[in-house]
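Let me begin by presenting the structure, written as structure tokens, before commenting on it.
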Amino acid sequence: MTAQKSLKDLVSGLIFIGLGLAFGYATLGYEIGTALRMGPGYFPLLLSGIMVLLGVVITVQSFATGPNATPIGRVPWFALMLIIGALIFFGMTVRGLGLVPALFVTTFMSAFASERTGLVGAFVLAACLTLICFLIFVWALGLPLRVFGPWLSF
Amino acid sequence: MDLIANLGLGFETAFTTTNIFYCFVGVLLGTLVGVLPGIGPTGTVAILLPITFTFEPVTALIMLAGIYYGAQYGGSTSAILINLPGESSSAVTAIDGHQMARQGRAGPALSTAALGSFFAGSVATFLLALAAPPLARIALQFGSAEYFSLIVLGLIASVALAHGSIIKALGMIVLGLLLGTVGQDLYSGQPRFTFGFFELYSGINFVSVAVGVFGVAEILRNLEDEKTRTLLVKKVENLWLTKDDFRRIVNPILRGTALGSLLGVLPGGGHVLAAFASYSLEKKISRNEAEFGRGAIEGVAAPESANNAAAQTSFIPLLTLGIPAHPVMALMIGAFIIHGITPGPNVMADEPALFWGLIVSMWIGNLLLVLLNLPLIGLWVKLLTIPYRVLFPAIIAFACIGTFSIGLNAFDIYAIAVLGLIGYVLVKLDCEPAPLLLGFVLGPLLEEHLRRAMIISRGDPMTFLERPISAGLLVFAALAIVLSLLPAIRKRREEVFSEED
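These protein sequence lines are chains A and B, in that order.
Quick note on numbering: our numbering labels position 62 of the first sequence as 62, and the sequence is numbered without any gaps.
Quick note on numbering: our numbering labels position 297 of the second sequence as 451, and the sequence is numbered without any gaps.
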């Protein structure tokens, strides 16, 4: 169990170090300036340094943690891909397809991400949610969103 | 007296049909998300923020504030009825509240929570009205050095009070600050960390950050292990308190209100801390200590009053200093900025109608909440039966439309996906998302004040220690870190927050 707790700390420590180094590296392209007249790179470089430092502390600590362990636990890969995919699909198609078709597919994909929702259930849920969102956002609030986009006008 | 004139102006502003309506919408939504486990006020405010862009600023803020304190009310309902706190600050309420429900006293428990919350909310709102003007006057004399130190203190205090590893939380703050630097540099106009994306020149959209790390990451977390909730009480009857109940709750409510008002001002999880602290206080001084944990009505009255009082007073740092004490407050800052108002001590002088209108609306909101929660309790009980698998696709849909409608920009949606993924990985590794959001919102402010203070002091960093107020604030920040790292206090913190999850 101890190993697992350390693993969590170890991974997060390494992530912080990695992100700190990446930000720090990107900063090198910007003018650092002096403490009196700080350039655009000064503050981010400072932060990247602190982040690497914190990452190192977390990593070192991970080798010396006590026994109260919680495992990382399972990752819902299927749901994760569906939901992230649903978001990206919405971004890619909301202009082209318009709000209603894009939203329908997005909600269908996310609803299907639940282990307890089958294809039919997801379809019904997506249809209901699309209708509700249409009524709230387009009809009631009057947001300037195209209901059906140019891809669908033949 | 100034206060009366100001409150008069507030009443005038808040008592328009539109504002009362949106106050009602806000507290209704707040109760709803408070009742429903799995979606909290932070995510809701983030998702609904874009919709409020079309409103008058005061209306938008009244509604968003209503969501925040409404959620504190709603959280107690699910804590009592299904032993699952809808909001983290209601976790303590579940201990005794759920026991009361098991003994068939769900009605009195709910009434106690509502009455305590109402009393605490009203008193704390009055304190807010009383304390804000003098504090804002002090804040007006703050220079850049003081602001820099104040932000540092705010960020650090938010970590010291939260649960979990402090070093990881500090890392999350720094990550938030770094994400906040993405976009054009304020002074030179140089684009930073944009990687050639033109959309990033104005920075990462903070609604995307909030929706990603709070909304999407939370959904993924919940989908790891889908549970069915069992509803203990199908129907709540007899909401009335007996005379004996009344006698028992008066003092706990008063003490809870006082403690909550005080702790609410602190950054971080002030309202969570307030609930825990007042519960331990009641347990300590109560004559029937053995009853705690087995359905003591004091154990419902005190924490519910405390978390509501804290929810109200946590507006003090936001309205007087422009510093958020809670992720929801960070989002409120965004709401101010989007409406072209710089949050801080100037709001009171420049926008008196908005300032006082918002405060008065909190009274109205608290009153509406009692009406909403007690007579309509049956409705909320029904809502608890909505399964999560129906809820989360709705959250995704609202998040997509809301975020897209801000700038009609697909990039903001991709940002949700990326940040949701990052947020999920970090949450999985026990890194709390709240410090990240606070850092992200305060980052640009921190950098601006740092650079300005350094120009004024001619590049001498000692300026932060030579100016007394600034030095004092930094000393507090250092103390907060040192204290929370001390083994004894660390253990105590773990005890206090262990019941929360």
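We put the CB at the ideal spot given by N, CA and C, even for glycine.
Would a check of beta-carbon distances place residue i closer than 8 Å to chain A?
i	result
Thr335(B)	yes
Val328(B)	yes
Ile609(B)	yes
Tyr355(B)	no
Glu654(B)	Low confidence applies here, because Glu654(B) scores a pLDDT of 41, under 50, leaving its location unreliable; read the following figure in that light. Answer no: the Cβ-Cβ gap between Glu654(B) and chain A never drops below 8 Å.
Tyr222(B)	no
Ala159(B)	no
Ser298(B)	no
Lys582(B)	yes
Arg612(B)	yes
Gln344(B)	yes
Phe594(B)	no
With respect to the alpha helix (DSSP H) encompassing residue i, which residues constitute its N-terminal and C-terminal limits?
i	result
Gln257(B)	Here Gln257(B) belongs to no alpha helix (DSSP H), and DSSP marks it neither H nor E.
Val581(B)	564 to 582
Cys585(B)	Here Cys585(B) belongs to no alpha helix (DSSP H), and DSSP marks it neither H nor E.
Gln226(B)	211 to 236
His425(B)	424 to 439
Asn442(B)	Looking at the DSSP string, Asn442(B) is not in any alpha helix (DSSP H), and its letter there is neither H nor E.
Val404(B)	397 to 418
Arg375(B)	371 to 377
Trp510(B)	506 to 527
Pro481(B)	481 to 492
Met92(A)	77 to 93
Ile708(B)	No answer is possible for residue 708(B): the residues shown for chain B start at 155 and end at 655.
Trp534(B)	531 to 537
Ile201(B)	195 to 202
Glu353(B)	It is not in any alpha helix (DSSP H) - Glu353(B) carries neither H nor E in the DSSP assignment.
Thr557(B)	542 to 561
Glu166(B)	156 to 168
Does the beta carbon of residue i come closer than 8 Å to any beta carbon on chain B?
i	result
Ala64(A)	no
Gly149(A)	no
Phe137(A)	yes
Thr2(A)	Annotation note: pLDDT 45 at Thr2(A) (below 50); position unreliable, coordinate value reported separately. It does not; no Cβ of chain B falls within 8 Å.
Pro71(A)	no
Ser153(A)	no
Pro101(A)	no
Val120(A)	no
Thr59(A)	no
Phe43(A)	yes
Val124(A)	no
Ile32(A)	no
Ala140(A)	no
Leu28(A)	no
Ala127(A)	no
Report the option in the options whose CA atom is closest to the CA atom of residue i.
i	options	result
Leu508(B)	Pro204(B), Ala214(B), Phe207(B)	Ala214(B)
Val75(A)	Ala274(B), Tyr176(B), Val579(B)	Val579(B)
Phe630(B)	Arg401(B), Ala314(B), Phe169(B), Ile205(B)	Ala314(B)
Val179(B)	Thr206(B), Thr167(B), Asn160(B)	Thr206(B)
Phe546(B)	Val535(B), Gly369(B), Phe400(B)	Gly369(B)
Trp151(A)	Pro40(A), Phe43(A), Gly96(A)	Gly96(A)
Ser232(B)	Tyr223(B), Leu269(B), Gly194(B), Gly188(B)	Gly188(B)
Gly556(B)	Gly149(A), Leu143(A), Val147(A), Pro44(A)	Leu143(A)
Thr474(B)	Ala450(B), Ala503(B), Gly488(B)	Ala503(B)
Ser342(B)	Met81(A), Ala140(A), Leu36(A), Gly41(A)	Gly41(A)
Glu143(B)	Thr167(B), Pro287(B), Val306(B), Ser243(B)	No statement about residue 143(B) is possible, as the shown extent of chain B runs from 155 to 655 and does not include it.
Phe123(A)	Val138(A), Arg37(A), Phe104(A), Phe148(A)	Phe104(A)
Leu619(B)	Ile236(B), Ala268(B), Ser230(B), Ser303(B)	Ser303(B)
Which whole-angstrom value describes the C-beta separation of residue i and residue j, a residue pair presumed to lie in contact below a C-beta threshold of 8 Å?
i	j	result
Ser559(B)	Leu145(A)	7 Å
Ala463(B)	Val277(B)	7 Å
Ile470(B)	Val419(B)	5 Å
Phe78(A)	Ser48(A)	At roughly 36 Å, the Cβ-Cβ gap does not stay under 8 Å, so Phe78(A) and Ser48(A) are not in contact.
Ile201(B)	Leu592(B)	About 19 Å separates the two Cβ atoms, so there is no contact after all.
Thr396(B)	Ser459(B)	About 19 Å separates the two Cβ atoms, so there is no contact after all.
Leu523(B)	Thr185(B)	7 Å
Leu281(B)	Thr467(B)	6 Å
Leu238(B)	Phe594(B)	At roughly 30 Å, the Cβ-Cβ gap does not stay under 8 Å, so Leu238(B) and Phe594(B) are not in contact.
Ser638(B)	Ile320(B)	5 Å
Gly574(B)	Ile84(A)	7 Å
Thr266(B)	Ile451(B)	6 Å
Arg543(B)	Thr107(A)	Not really, about 12 Å apart at Cβ, beyond 8 Å.
Cys177(B)	Ser12(A)	Rounded, the Cβ-Cβ distance is 41 Å, inconsistent with contact.
Look up residue i in the DSSP assignment and give the residues it is bridged to.
i	result
Met38(A)	Gly33(A)
Gly337(B)	Arg346(B)
Any heavy atom of the ligand NAD closer than 7 Å to the CB of residue i?
i	result
Leu395(B)	Absent from the structure shown: the ligand NAD. Ligands present: none.
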